[in-house]
Amino acid sequence: MAQLLEAAAAVFTTTGYSAASTNAIAREAGVSPGTLYQFFPNKEAIAIELGGRLMRQMRETYGEALAPVDPTTSLEEAVTAAVDRFIAFNCEHPVFFTLMHGPDVPGRMAEEHDALHATLLGRIEALLSSLLPDADPAELNRTAQMCLGLYKTGLELVLAHEGAEREAYVRELKHVLIRYLAPLVGDRLGRADTLGPAPTA
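Per this note's numbering, the sequence shown starts with residue 136, numbered consecutively.
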């Protein structure tokens with residue numbers, strides 16, 4: 136099963152979910168279609184199993200990435216630590232983005248992703264509430280939505296590039312988040328100007 140899921144991840148990432156076929160997955164895995172059907176009745180079942188495993192791993196990742204921030208930690212360090220964990224996960228499992236953000240995600244997986252998104256948003260709100268104690272719930276929600284939206288947009292650009300260019304987009308993403316949050320957080324976190332000035336156009 137692990138061999139088939141690994142093959143499916145490669146095929147889905149390369150062709151997208153819609154264009155993928157069980158024959159292509161079996162071929163990538165080096166097995167016959169008949170062997171594949173002993174484990175999965177169709178590609179939707181494969182996608183759901185693969186997506187479920189990745190979502191469990193993602194929950195563990197954001198549990199670590201969005202842990203409470205020590206007040207002595209600088210905003211730059213806090214953002215960098217969280218972004219690095221999320222980016223590492225998505226670069227290690229590019230199929231996660233393909234399955235979760237494609238236009239043709241299987242229904243059950245879309246529901247699970249919506250639940251994951253809601254939980255992630257809640258964790259961001261909880262983290263922000265400790266940094267913005269005077270903010271009202273609507274403001275916290277809006278700020279959390281902006282942070283998550285900025286991250287997802289940046290992630291798409293990061294995954295579309297490789298090597299030094301990918302690293303450059305990761306730095307840009309961190310700059311955007313830090314400069315969005317800095318006026319809101321103020322001096323509630325330690326300061327460390329480790330990233331230097333914002334890049335100029």
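Heads up, the beta-carbon is just placed ideally off N, CA and C, and yes, glycines get one too.
Item to complete: Pick helix, strand or coil for Ser167, following the three-state DSSP scheme.
Response: The count along the sequence shown starts at 1 and reaches residue 167 at position 32. Coil.
Worksheet item: Among the residues of its own chain, which have a CB less than 8 Å from the CB of Leu290, if the five just before and after it don't count?
Response: Position 155 of the sequence shown, counted from the first residue, corresponds to residue 290. Counting only Cβ-Cβ distances below 8 Å, and skipping sequence neighbours, we find Phe221, Ile222, Asn225, Phe232 and Leu308.
Discussion item. With H, G and I counted as helix, E and B as strand and the rest as coil, what does DSSP make of Ser101?
Written reply: There is no way to answer for residue 101, as the model of the chain reaches only from 136 to 336.
Worksheet item: In terms of residues, what are the limits of the alpha helix (DSSP H) holding Pro229?
Response: What you label residue 229 is simply residue 94 of the sequence shown in a count that begins at 1. Looking at the DSSP string, the run of the alpha helix (DSSP H) that includes Pro229 is Pro229 to His236.
Discussion item. Does His296 come out as helix, strand or coil in the three-state DSSP assignment?
Written reply: Here residue 296 refers to the residue found at position 161 when the sequence shown is read from its first residue. If DSSP states are grouped into helix, strand and coil, His296 belongs with coil.
Fill in: the stretch 188-198 in contact with the stretch 159-178 per 3-pair CB rule at 8 Å
no
Fill in: Member of Asp219, Gly151 and Glu247 whose CA lies at the smallest distance from the CA of Arg301
Here the question's residue 301 lines up with position 166 in the sequence shown. Looking at the Cα atoms, Asp219 is the closest of the given residues.
Worksheet item: So, Leu140 versus Leu201, is the Cβ gap smaller than 8 Å?
Response: Taking the first residue of the sequence shown as 1, we reach residue 140 at position 5. Taking the first residue of the sequence shown as 1, we reach residue 201 at position 66. No, the pair does not count as a contact, with Cβ atoms beyond the cut-off.
Worksheet item: Quick one: what does DSSP say Arg194 is sitting in, helix, strand or coil?
Response: Along the sequence shown, read from residue 1 onward, the residue named residue 194 stands at position 59. DSSP places Arg194 in helix when its eight states are reduced to three.
Worksheet item: Which value, in whole angstroms, describes the spacing of the CA atoms of Leu267 and Val214?
Response: Translated into positions along the sequence shown, residue 267 becomes position 132. Translated into positions along the sequence shown, residue 214 becomes position 79. Counting only the Cα atoms, Val214 lies some 16 Å from Leu267.
Worksheet item: Is the number of C-beta pairs between the stretch 274-282 and the stretch 242-261 that are closer than 8 Å three or more?
Response: The stretch 274-282, when compared against the stretch 242-261, does touch it at the 8 Å Cβ threshold.
Fill in: Cβ-based burial, Met136 [other Cβ within 10 Å; buried from 16]
Taking the first residue of the sequence shown as position 1, residue 136 is located at position 1. The residue is exposed, with fewer than 16 neighbouring Cβ atoms inside 10 Å.
Item to complete: Would you give the residue range spanned by the alpha helix (DSSP H) that Val146 belongs to?
Response: What you label residue 146 is simply residue 11 of the sequence shown in a count that begins at 1. Its alpha helix (DSSP H) spans residues Ala137 to Thr150.
Discussion item. Rounded to the nearest angstrom, what separates Ala155 and Thr288 at their Cα positions?
Written reply: As a first step, residue 155 must be located in the sequence shown, where it is residue number 20. As a first step, residue 288 must be located in the sequence shown, where it is residue number 153. Spanning the two alpha carbons is a distance of roughly 25 Å.
Worksheet item: From Gly298 to Thr149, what distance separates their C-alpha atoms?
Response: Taking the sequence shown and counting its residues from 1, one reaches residue 298 at position 163. Taking the sequence shown and counting its residues from 1, one reaches residue 149 at position 14. Going from the Cα of Gly298 to the Cα of Thr149 covers about 18 Å.
Item to complete: With DSSP as the reference, label Ala155 as helix, strand or coil.
Response: Numbered from its first residue, the sequence shown carries residue 155 at position 20. Three-state DSSP puts Ala155 in coil, outside helix and strand.
Practice prompt. Express the C-alpha separation of Arg306 and Ala295 in angstroms, rounding to a whole number.
Written response: Within the sequence shown, numbered from 1, the residue matching residue 295 stands at position 160. Within the sequence shown, numbered from 1, the residue matching residue 306 stands at position 171. Answer to the nearest angstrom: the Cα atoms are 15 Å apart.
Worksheet item: Given a threshold of 16 other Cβ atoms within 10 Å of its Cβ, counted over all protein chains shown, does Tyr172 qualify as buried or as exposed?
Response: Position 37 of the sequence shown, counted from the first residue, corresponds to residue 172. So Tyr172 ends up on the exposed side.
Fill in: Nearest to Pro238 (by Cα), restricted to the options Leu324, Ser153, Leu316 and Pro206
Along the sequence shown, one-based indexing puts residue 238 at 103. The candidate whose alpha carbon is nearest that of Pro238 is Ser153.
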